[in-house]
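Residue numbers (my numbering): 144 to 920.
We put the beta carbon where it would ideally sit given N, CA and C, even for glycine.
All figures in this text were calculated on a predicted structure; none of them were measured in a lab.
Report on the structure given below.
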């Protein structure tokens with residue numbers, strides 16, 4: 144008998160059973176992981192969000208396992224075949240695969256050759272041949288010949304007996320489980336190119352004649368191989384072992400023979416039994432296990448890919464915000480022009496237009512004049528440039544604008560526009576930006592995602608942000624569940640301004656959801672800003688449970704109660720009042736007063752409801768109320784004159800931005816419209832198991848160019864700047880996942896003299912050299 148679900152999870156997480164039980168009770172009661180991790184530490188013994196996510200996942204799996212166990216027990220019981228020993232075996236099964244192995248002999252199926260043979264009365268013959276190999280099979284089979292039972296001759300009788308034994312071998316749960324693990328340890332996945340597919344499938348050329356052990360294959364290679372098979376370029380086969388070392392009788396056949404006491408002693412029945420084992424392995428068991436192991440290989444690779452995607456998404460969402468600064472967003476393009484949007488410090492759209500500086504119009508100076516006017520009129524401090532088509536040309540335009548204006552605060556930044564087009568065409572964008580052309584909405588999104596990546600990116604389906612590997616090959620359900628959990632953790636970890644947050648951002652707050660988020664925004668629009676967290680209780684359908692879950696993650700700046708701007712939960716305000724009384728202070732003087740707060744003993748404020756972990760968190764939050772866990776905003780600078788693949792030369796040392804991290808390395812944007820790859824082997828002088836331990840999306844790095852493959856548009860980079868040119872690290876076939884964004888964030892601040900203060904706007908434009916808008920370049 145297995146231990147309880149809670150006991151199993153406790154053992155796996157290496158925590159106490161009561162911690163798991165408390166967490167399970169809270170989850171079953173509707174509490175979210177962020178809420179439990181932040182505000183129910185006493186109950187769970189301070190389980191963190193990572194432990195709680197793992198607990199939640201295992202709880203789901205083990206409950207599904209129990210449901211399946213009940214169905215199987217009921218099915219076998221209805222067949223009248225459930226005895227005490229079989230029930231005990233089923234109850235002891237600790238995984239879904241083990242459970243299905245046990246159920247296999249009892250699983251309803253179409254009539255098999257073995258069942259037909261049993262109906263013909265051939266099972267005693269099978270037992271006799273297996274139990275006494277000293278007898279000649281053809282002689283002992285003669286009495287079982289019966290035309291009335293469709294057993295025409297001795298050969299038919301022996302074939303029926305063999306079918307019975309093959310099925311018996313294949314349905315032995317213990318044997319199949321052992322063979323599966325042995326095959327997993329020894330088998331290889333082999334790939335070959337399909338006839339006539341070499342040219343069309345050139346990106347899979349590394350796998351045209353390839354074989355590797357299951358246990359050594361990294362996830363990205365597995366995904367590449369299966370994609371090659373799906374695109375009908377590769378044929379995949381499971382090899383039970385290395386053909387060069389394969390014995391005459393395979394180790395798997397030998398195991399079956401040992402289990403059933405089959406040996407070659409020269410007796411009349413030995414050869415027939417050995418052939419039966421060979422048939423069982425080659426025509427049934429190996430085929431079934433090959434399917435199992437392919438699924439197991441895929442599942443492991445898929446889980447790793449989901450983990451990588453989730454990690455990259457977390458890093459992207461928690462990227463440094465540029466902050467509440469007026470921003471000019473540029474969505475680059477050639478023929479259709481560059482779409483322009485200006486948003487103020489709060490993200491409100493204050494101006495939009497389009498300029499045509501590039502081919503074919505080439506209205507360069509006019510474009511600079513238009514942008515210069517917008518920058519000066521709206522006191523723009525940041526220029527956000529989307530990284531799509533014409534990005535580098537638009538970046539050059541912005542660079543000239545910054546140089547002409549010479550404003551010390553004006554900074555240009557290239558940002559990823561992945562998902563911007565998805566947002567532009569969404570129903571929410573139509574509601575949020577009514578009357579604004581869909582092409583201009585992208586420029587707004589680009590500007591806002593520089594100000595606050597988290598607040599803007601939550602409006603986009605995480606799968607459209609493009610920071611995964613082979614994401615389109617993965618299970619929609621698994622990926623969505625994992626990514627939604629990441630978004631929820633990030634939003635609640637940072638906190639949300641209740642009076643400025645969009646509905647999509649509010650929907651990710653613990654306990655709210657889409658419907659309540661829309662209700663909050665509607666209430667805010669109708670009644671004005673919330674003055675306190677208590678005002679949430681006036682929102683229709685936002686009950687006590689939802690308030691408990693969400694209140695601590697919502698911030699109200701400049702409201703009635705200074706505590707509402709912090710991460711202190713309203714339920715713990717009485718604790719803060721006691722702290723105020725003990726310090727004989729005022730809340731406004733106490734907040735941020737590190738010397739006083741650090742001098743307090745947390746245990747002095749513990750009571751029967753709130754324990755030491757909560758009080759400690761309260762004091763930490765009072766010291767730095769509403770602290771943002773995200774890093775400080777930094778910028779990078781692309782090298783002048785390096786704009787296309789043709790400008791790259793081996794040996795160049797460049798500054799770039801990490802756009803995506805995969806299991807095999809990291810993609811880096813160095814400003815040439817094509818990301819380069821730093822293979823995991825070129826990341827450090829020491830062994831790197833996980834590339835994310837070295838870099839994360841958004842990181843600014845210095846890299847050296849090792850090799851430029853122009854026909855295949857591949858750039859090999861290294862983080863080890865002392866590496867010699869030509870030391871090319873391995874690259875995964877299939878080219879990784881090219882759905883990753885081609886650019887992330889890079890910037891080129893141009894400090895200089897401020898000429899915008901004083902004087903009329905026209906005079907400022909003239910002094911900046913922007914007074915001839917119609918002049919063609």
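Mind the definition here: the segment 817 to 831 touches the segment 374 to 392 only if three or more C-beta pairs lie below 8 Å; say whether that holds. no
Exposed or buried, residue 570, counting other C-beta atoms within 10 Å across all chains shown (16 or more means buried)? exposed
For the segment 655 to 675 against the segment 208 to 225, do three or more pairs of beta-carbon atoms, one drawn from each stretch, fall closer than 8 Å, so that the two count as touching? no
By Cβ distance, which residues of its chain are closer than 7 Å to residue 599, with the 5 residues on each side in sequence left out? 588, 591, 592
Leaving out the 5 sequence neighbours to the left and right, which residues in its chain are closer than 6 Å to residue 603 when beta-carbon positions are compared? 562, 565, 566
Taking residue 315 as part of the alpha helix (DSSP H), name the residues at either end of that continuous run. Here residue 315 belongs to no alpha helix (DSSP H), and DSSP marks it neither H nor E.
Taking the beta carbon of residue 509 as the centre, do at least 16 other beta carbons fall within 10 Å, making it buried, or is it exposed? buried
Is the number of C-beta pairs between the segment 400 to 407 and the segment 472 to 483 that are closer than 8 Å three or more? no
Taking all protein chains shown into account, decide if residue 702 is buried (16 or more other Cβ within 10 angstroms of its Cβ) or exposed. buried
Local conformation of residue 640 per DSSP, three classes: strand
Which value, in whole angstroms, describes the spacing of the CA atoms of residue 711 and residue 177? 14 Å
Best match in 636, 206, 622 for proximity to residue 445 [C-alpha to C-alpha]: 622
Spatial neighbours of residue 927 within its chain, please: CB distance less than 6 Å, with the 5 preceding and 5 following residues excluded, ordered by chain position. Only positions 144 to 920 of the chain appear in this structure, which leaves residue 927 out of reach.
Between which residues of its own chain and residue 811 is the CB-CB distance below 8 Å, once the five residues before and five after are set aside? 799, 800, 801, 802, 818, 819, 820, 821, 844, 846, 860
Run through the segment 371 to 429 for me and flag every whole beta strand (DSSP E) of 3 or more residues, listed as ranges in chain order. 377 to 382
Pairs of beta-carbons, one from the segment 341 to 348 and one from the segment 322 to 333, closer than 8 Å: are there three or more? no
My understanding is that residue 362 touches residue 447, with C-beta atoms under 8 Å, so please give their C-beta distance in whole angstroms. 4 Å
For residue 803, the three-state DSSP class (helix, strand or coil): strand
Please identify the residue among 628, 664, 643, 642 whose C-alpha is closest to the C-alpha of residue 651. 628
Cut-off 7 Å between Cβ atoms - residues of its own chain near residue 715, not counting five sequence neighbours on either side: 753, 757, 761
May I have the straight-line CA-CA distance separating residue 195 from residue 152, to the nearest angstrom? 11 Å
Determine the extent of the alpha helix (DSSP H) in which residue 682 is found, giving its start and end residues. First-last for residue 682: undefined, no H or E at that position.
For residue 831, verify whether its CB is less than 6 Å away from any heavy atom of the ligand NAD. You won't find the ligand NAD in this model; it holds no ligand whatsoever.
Residue(s) in a DSSP beta bridge with residue 808: 805, 822
Buried or exposed, going by whether 16 or more other CB atoms sit within 10 Å of the CB of residue 282? exposed
Under the assumption that residue 768 contacts residue 734 (Cβ atoms under 8 Å), give the Cβ distance between them as a whole number of angstroms. 5 Å
Check whether the segment 626 to 646 touches the segment 453 to 472, counting contact only when three or more Cβ pairs, one atom from each stretch, lie closer than 8 Å. yes
Which class does residue 524 belong to by DSSP, given the choice of helix, strand or coil? coil
Rounding to the nearest angstrom, what Cα-Cα distance links residue 413 and residue 269 in this structure? 13 Å
With burial defined as no fewer than 16 other Cβ atoms inside 10 Å of the residue's Cβ, what is the status of residue 796: buried or exposed? exposed
Inter-residue Cα distance where the pair is residue 830 and residue 838: 14 Å
Rounded to the nearest angstrom, what separates residue 320 and residue 237 at their Cα positions? 12 Å
Can you tell me which of the three DSSP states residue 890 falls into? Only weak support is given to the placement of residue 890: the predicted model assigns it a pLDDT of 38, under 50, and the question is left unresolved by the model.
Looking only at its own chain, which residues have a Cβ that is under 7 Å from the Cβ of residue 748, when we skip the five neighbours before and after it? 718, 721, 722, 758
Thinking residue 202 and residue 148 are a contact (beta carbons under 8 Å), I'd like their distance in whole angstroms, please. 7 Å
For residue 535, is the classification buried or exposed, using 16 other Cβ atoms within 10 angstroms of its Cβ as the cut-off for buried? buried
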